[in-house]
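Right, one structure below, let's go through it.
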Amino acid sequence: MLDIKLIRDNPDMVRQAFKNRGETISIDEILKLDEKHRELIHEMESLRARRNEVSKEIGKMKEKPPELMADMRKIGDQISALEAESNNIESALKDLLLRIPNIPHADVPVGKDSSDNPTIRTWGGKKQFSFKALPHWELGERLNIIDFERGVKLSGTRFYVLKGMGALLQRALIMFMLDLHIREHGYTEIYPPFMVKRECLVGSSNLPKFADNLYHDAEEDYWFVPTAEVPLTNMHRDEILSAEQLPIYYVAHTACFRREKMAAGKDTRGIKRGHQFDKVELYKFTTAETSMQELESLLAAAEDVCRKLELPYRVIQLCTGDIGFASVKSYDIEMWAPGCEEWLEVSSCSNCWDFQARRANIRYRPDSKSKPQYVHTLNGSGLALPRVVIALMENYQREDGSIAVPDVLKPYMRADMITKP
RNA sequence: GGAGAGGUGACCGAGUGGUUCAUGGUGCCGCUCUCGAAAAGCGGUCUCGCCUUUGGUGAGCGUGGGUUCGAAUCCCACCCUCUCCGCCA
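In short: position in the first sequence from 1, add 166, done, that's our numbering.
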């Protein structure tokens with residue numbers, strides 16, 4: 167959520183930022199409602215001030231004058247009417263504010279869509295094979311480690327079953343990633359609920375605008391997390407942190423649930439895009455001063471996973487037209503998958519500035535004499551599991567259809583190779 | 001799911017209609033004292049909004065309504081926590 171004062175004082179700057187994003191929503195309605203709202207507040211306040219004063223006097227009187235009390239009753243009715251109007255305007259204003267995106271940082275390149283995203287760096291060139299590299303769905307079926315048919319039998323399209331060494335591979339990757347971030351990058355492991363309250367989704371910016379990508383249990387009003395970012399954001403909702411607590415680094419492994427109803431027929435083969443997938447998520451709460459450098463170190467932690475797994479990847483910066491709703495600056499990490507011959511997005515690292523903090527009311531006190539300020543929040547995958555599994559299977563495949571295990575995973579898998587049982 | 005108890009500021013904890021602009025304590029900040037520290041004493045210390053901003057004003061005591069000139073306090077609904085019972089991986 168943007169600060170209404172920022173919009174009020176710099177409407178043209180906000181308009182330009184939205185234009186760069188390709189965002190069509192207008193702020194005129196917001197400005198209009200804000201002005202009306204402040205008018206009403208002014209009216210209500212002077213009436214309340216009067217009532218407070220007179221009521222205090224009535225309290226001191228022995229004889230309660232009925233005509234004065236009748237006057238105050240009238241004022242009370244006026245206040246109620248204004249209150250009702252003000253509340254309506256306020257909730258309309260709030261709803262609009264919750265639906266407008268963050269303002270991209272000044273150093274984010276202006277662009278229309280993903281084709282305008284600059285590549286920041288590429289690591290580990292595309293591996294050359296002396297044979298035809300197979301896509302992971304073929305490798306998975308031959309090795310009997312991914313069972314697509316039974317996934318569909320259990321849950322329908324876009325579900326799959328990992329089996330035997332396939333399940334072990336994913337589990338090994340999760341363990342490896344968590345251990346790496348905990349031991350070498352200073353993160354604290356969190357195991358959060360996978361179902362959360364509505365207000366958590368508002369805090370993280372998934373609601374109200376992106377409800378159609380979420381699974382929801384209407385009976386209990388539980389929402390299934392589309393990413394661990396949601397519970398992690400809300401860990402400190404409605405809290406005032408002390409400066410010494412910052413920065414806070416959290417890492418969480420969760421399942422993620424997404425409807426993904428938009429791209430029917432696209433990405434249907436393999437395990438690239440499903441309604442349920444596992445992810446290791448990195449999350450930071452920082453001060454305003456340090457968030458930009460914290461974004462770089464968050465990205466570095468995610469890249470470290472790719473490097474230690476020795477999987478080729480590139481880092482892309484998202485342009486204004488492609489950047490996420492809540493983000494002021496984002497990098498994507500894409501791994502090369504030689505079998506399906508595409509770059510797979512395995513991480514998206516974002517600085518959300520105070521956008522989520524404002525929604526979730528997460529603040530800190532810079533020192534004991536200062537007013538509370540909003541923290542900055544950052545998130546990034548470290549990494550998304552199924553796509554790392556794809557990249558790993560396809561990059562480490564051998565001509566005989568077996569898959570070599572990367573050195574860092576050998577202790578977790580207690581095996582050097584994934585072969586047909 | 002049933003019964004009972006309870007939700008007050010960073011924390012503890014008073015407060016059952018009007019000197020409560022939320023008592024008191026802890027913590028925190030400043031000052032005094034001291035070579036310094038501790039202790040002690042004095043003062044300060046919740047959050048958010050609006051305005052014509054050395055200041056003024058409003059709101060907030062789990063949440064939302066209601067009663068009243070006036071509500072932390074009375075009424076209604078809901079949420080949450082704790083204890084016991086039931087169920088259960």
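Positions of the beta carbon are idealized from the N, C-alpha and C atoms, including for glycine.
The model shown is predicted, which means the values in this text are computed figures rather than measured ones.
Since residue i is in the beta strand (DSSP E), which residue starts that stretch and which ends it?
i	result
F184	Not the beta strand (DSSP E): F184 falls in the alpha helix (DSSP H), residues P177 to R187.
L549	H542 to A550
Y530	I528 to R531
I348	Here I348 belongs to no beta strand (DSSP E); instead the alpha helix (DSSP H) covers M331 to R349.
I356	T354 to I356
Which same chain residues, not among the five before or five after residue i, have their C-beta less than 8 Å away from its C-beta?
i	result
L558	L335, L339, L475, L477, I569 and P572
G242	R217
L206	L248, E251, S252 and I255
K363	D387, Y388 and W389
If you measure between the beta carbons of residue i and residue j, is that distance less than 8 Å?
i	j	result
M341	Y578	yes
P177	I193	yes
S371	F184	no
K329	D345	no
K427	D378	yes
G277	V417	no
G436	W303	yes
L197	R181	no
V391	L264	no
L464	L544	yes
D169	L259	no
G487	S514	no
R564	R439	no
Q539	R525	no
A492	N268	yes
E469	V481	yes
A466	H347	no
L213	I224	no
R187	P270	yes
K445	A581	no
N517	M458	yes
P552	F443	yes
For the alpha helix (DSSP H) holding residue i, just list the boundary residues, first then last.
i	result
I207	D194 to K226
E251	P232 to L264
R611	A question about residue 611 goes unanswered here, because the residues of the chain that appear run from 167 up to 587.
R308	H302 to R308
P577	K576 to M579
Give me, in chain order, the residues of the same chain whose beta-carbon lies closer than 6 Å to that of residue i; leave out the 5 immediate sequence neighbours on both sides.
i	result
T585	S568
W519	V494 and H542
Y497	L465, V481, Q483 and C515
Report all residues from its chain with a CB closer than 7 Å to the CB of residue i; omit the five preceding and five following residues, and keep chain order.
i	result
P504	K292, K293, F295, A299, E560 and N561
F376	none
- Task: For the region 444-522, list the alpha helix (DSSP H) runs that are entirely contained and at least 4 residues long, ordered along the chain.
- Result: 457-474
- Item | Length at least 3, wholly inside the region 359-413: the beta strand (DSSP E) runs in chain order | 388-390 and 405-408
- Message: Quick test of the definition: if touching needs 3 or more C-beta pairs under 8 Å, does the region 442-450 touch the region 398-416?
- Response: yes
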